[in-house]
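Read through the structure below, which is laid out as structure tokens, and then see the notes.
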Amino acid sequence: MPDSSTPLKSTPLYDRHVALGARMVPFAGYNMPVQYGGVLAEHKWTRESAGLFDVSHMGQARLTGADAVATLEALTPTDFATLVPGKQKYSLLLNGEGGILDDWMVSRPEGDGFFLVVNAACKDQDFEILADEIIGDTHFEVVDDRALLALQGPKAKDVMQAVCPAACKLYFMECGSFDLLGQTAFISRTGYTGEDGFEISVPNAIVGELWDLLLTFDAVKPIGLGARDSLRLEAGMPLYGHEMDAGYTLVEANLGFAMQKSRLNRGDIRGIDRIRQQLDGGLDRVRVAIRVLEGPPAREGAKILSEGGAELGIVTSGVPSPSLGYSIAMGYVPPASSDVGTKLKLEVRGKPYAAEVVTLPFVKNGYHRKPKA
Amino acid sequence: MKFTKDHEWVEVTGDTALVGITAYAANALGDVVFVEVPAPGTALKKGDSFAVVESVKAASDVYAPVSGDVIDANTDLSANPDTVNASPEGAGWIAKVKLTNPAELDELMDRDAYEAYLSTL
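Here it is, written out as structure tokens:
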């Protein structure tokens, strides 16, 4: 985490956020918009229309060379040899014990090389590790001359159709390079809201023009980090520093999809013994989705109790869900208490309130998936 | 109506008072989605946290602007928490208290002093 005494950085869109009336807050060392009009309205707008997010604080990097796959696989549980050009995968940066140091989106835009998007709060650490752990013929390059926008929601595709129609051919978790405003944009069909949408990496020099252009569409409104958090929570997506950190493994965090069978069989994953032991039943806690059935919202740090009052674990994120009209949370409980339908109590301000384990995601996602052949 | 630096208000009638949060506080919180009001009979000391107002993003304590015994609470806010945004200094009142130390009222700001205070924030 950046020291609070270091001056805050800004994205190239800072002046535009302020001009739009955003409330700016410090986040991961950046001065970022937490809301423009209001979190509730911004959340609902993204679910119904299209929300535009400045996520330029996130880290971007490129890995190229014949050994780029080897470099990435040494640090993650993901099979990158099978990541074909034009696709992307969710991955995790692991420490030597299999603890999670960050979560990444790794794309393979073209034949040679990978494009990484990493958490703002972790990027200095991640890039240091990557630079130190380069294997053989790998070239690692931090991409700090590009900004990143996310356009999310059911109408995102209509806007993209007008701005960069070629990008609409992408399905969920696909990516490519496209001409946009006379420059090369790297666009992927992904996001952090559970909606269909795009992430658009463009040179800093044109991000202001692109931001302004996207906001000319009636369907598009700017959305702050406040709604970004409530949207990702409804989508059941973990947030680094909340649902995961170096103390959790991917088995505990219920992020097994970041690990491929091939890697497990090969046994060359950091912390493999611990991961195997947990997969074989030696698991003390696991991330679950919780619906609050009564009382106040349960937020990060609230105790999770059994119906009888025994302490089971802790809430890692919680929010009154704007889409559902009740409060939702994620947290950790022992596997014996993790089955869907298990009745729990959540302790808020010293009082226990009824809750139950439910399925993830809380809100059905709207991804534009490739039809099964 | 009198005000605190923590952005609560008090409206006194005889020996009882309504208390709530100011328009400034309601606006700073954003959309209120949950309000926890105190139970009648609760004895409040000035400065105690006696209610909680929650937005999507955060939970905020509300502090007693004066000492008193809670004689009524605005239970309509459980079904309509957004009343706090729509009418923070009216229908969005939180509790009614019987004052136990009316002299404390002298320590609070009047509207002009509160407005002047807001302009320094």
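The listed protein sequences correspond, in order, to chains A and B.
Going by numbering that gives the first Met the number 0, the letters in the first sequence line up with residues 0 to 372, in that order.
Going by numbering that gives the first Met the number 0, the letters in the second sequence line up with residues 0 to 120, in that order.
For each residue, glycine too, the CB sits at the ideal point set by N, CA and C.
Keep in mind that this is a model prediction, so the values were computed, not measured.
Do we get a CB-CB distance below 8 Å when we pair residue i with the residues of chain B?
i, result
"residue 20 of chain A", "no"
"residue 24 of chain A", "no"
"residue 0 of chain A", "Because residue 0 of chain A carries a pLDDT of 49, less than 50, the predicted location of this residue cannot be relied on, and no value is offered for it."
Give me the chain A residues within the contact set of residue i, using Cβ-Cβ distance strictly less than 9 Å, ordered along the chain.
i, result
"residue 58 of chain B", "295, 296, 298, 347 and 348"
Could you spell out where the beta strand (DSSP E) holding residue i opens and where it closes?
i, result
"residue 337 of chain A", "Element bounds for residue 337 of chain A: n/a, residue is neither H nor E."
"residue 304 of chain A", "302-305"
"residue 47 of chain B", "Taken as a continuous stretch (DSSP letters only), residue 47 of chain B belongs to no beta strand (DSSP E), as it is neither H nor E."
"residue 147 of chain A", "145-151"
"residue 289 of chain A", "285-291"
"residue 268 of chain A", "From DSSP, residue 268 of chain A is part of no beta strand (DSSP E); its letter is neither H nor E."
"residue 67 of chain B", "67-72"
"residue 345 of chain A", "342-347"
"residue 30 of chain A", "29-34"
"residue 32 of chain B", "31-35"
Report the partner residues of residue i according to the DSSP bridge assignment.
i, result
"residue 99 of chain B", "According to DSSP, residue 99 of chain B bridges with nothing at all."
"residue 103 of chain A", "A:90 and A:117"
"residue 15 of chain B", "B:12 and B:97"
"residue 192 of chain A", "Looking at the DSSP assignment, residue 192 of chain A forms no beta bridge with any residue, so it has no partner."
"residue 177 of chain A", "A:184"
"residue 319 of chain A", "A:326"
"residue 313 of chain A", "A:302 and A:331"
"residue 98 of chain A", "Bridge partners of residue 98 of chain A: none, in fact."
"residue 63 of chain A", "A:138"
"residue 50 of chain A", "A:151 and A:220"
"residue 60 of chain B", "B:51"
"residue 357 of chain A", "A:288"
"residue 239 of chain A", "A:243"
"residue 391 of chain A", "Residue 391 of chain A is absent from the model: chain A starts at 0 and stops at 372."
"residue 2 of chain B", "B:8 and B:108"
"residue 351 of chain A", "A:346"
"residue 168 of chain A", "None, per the DSSP bridge assignment."
Over the uninterrupted alpha helix (DSSP H) stretch that includes residue i, give me the two end residues.
i, result
"residue 276 of chain A", "271-278"
"residue 156 of chain A", "155-162"
"residue 75 of chain B", "75-78"
"residue 122 of chain A", "122-131"
"residue 24 of chain A", "Note, residue 24 of chain A: premise wrong, no alpha helix (DSSP H); beta strand (DSSP E) at 22-26."
"residue 15 of chain A", "13-18"
"residue 362 of chain A", "First-last for residue 362 of chain A: undefined, no H or E at that position."
"residue 83 of chain B", "82-85"
"residue 24 of chain B", "22-28"
Whose Cβ in chain B lies nearer than 8 Å to the Cβ of residue i?
i, result
"residue 382 of chain A", "The structure shown has nothing for residue 382 of chain A, since chain A only spans 0 to 372."
Residues of chain B with CB under 7 Å from residue i, in chain order?
i, result
"residue 225 of chain A", "55 and 56"
For chain A, check one thing: does any of its Cβ atoms lie closer than 8 Å to the Cβ of residue i?
i, result
"residue 110 of chain B", "no"
"residue 6 of chain B", "no"
"residue 73 of chain B", "no"
May I ask you to check if the CB of residue i is nearer than 7 Å to at least one heavy atom of the ligand ZN?
i, result
"residue 60 of chain A", "Only the bare structure without any ligand can be found here, which leaves the ligand ZN out of the picture."
Does residue i have its Cβ less than 8 Å from a Cβ in chain D?
i, result
"residue 99 of chain A", "In the structure shown, chain D cannot be found, because the protein chains are A and B."
Q | Residues of the region 34-51 of chain A with Cβ closer than 9 Å to any Cβ of chain B, in chain order | A | Residues of the region 34-51 of chain A whose Cβ lies closer than 9 Å to any Cβ of chain B, in chain order: 34, 37, 38, 39, 40 and 42.
(Q) Any C-beta of chain A within less than 7 Å: which residues of the region 9-41 of chain B qualify? (A) For the region 9-41 of chain B, residues whose beta-carbon sits nearer than 7 Å to a beta-carbon of chain A comprise 29, 30, 32, 33 and 35.
Q. Any residues in the region 43-56 of chain B with a beta carbon nearer than 8 Å to a beta carbon of chain A? Which ones, in chain order?
A. For the region 43-56 of chain B, the residues whose beta carbon sits under 8 Å from a beta carbon of chain A are, in order, 51, 53, 54, 55 and 56.
Q: Determine which residues of the region 227-246 of chain A have a Cβ less than 8 Å from any Cβ of chain B, and write them out in chain order.
A: Residues of the region 227-246 of chain A with a C-beta less than 8 Å from any C-beta of chain B: 228 and 229, listed in chain order.
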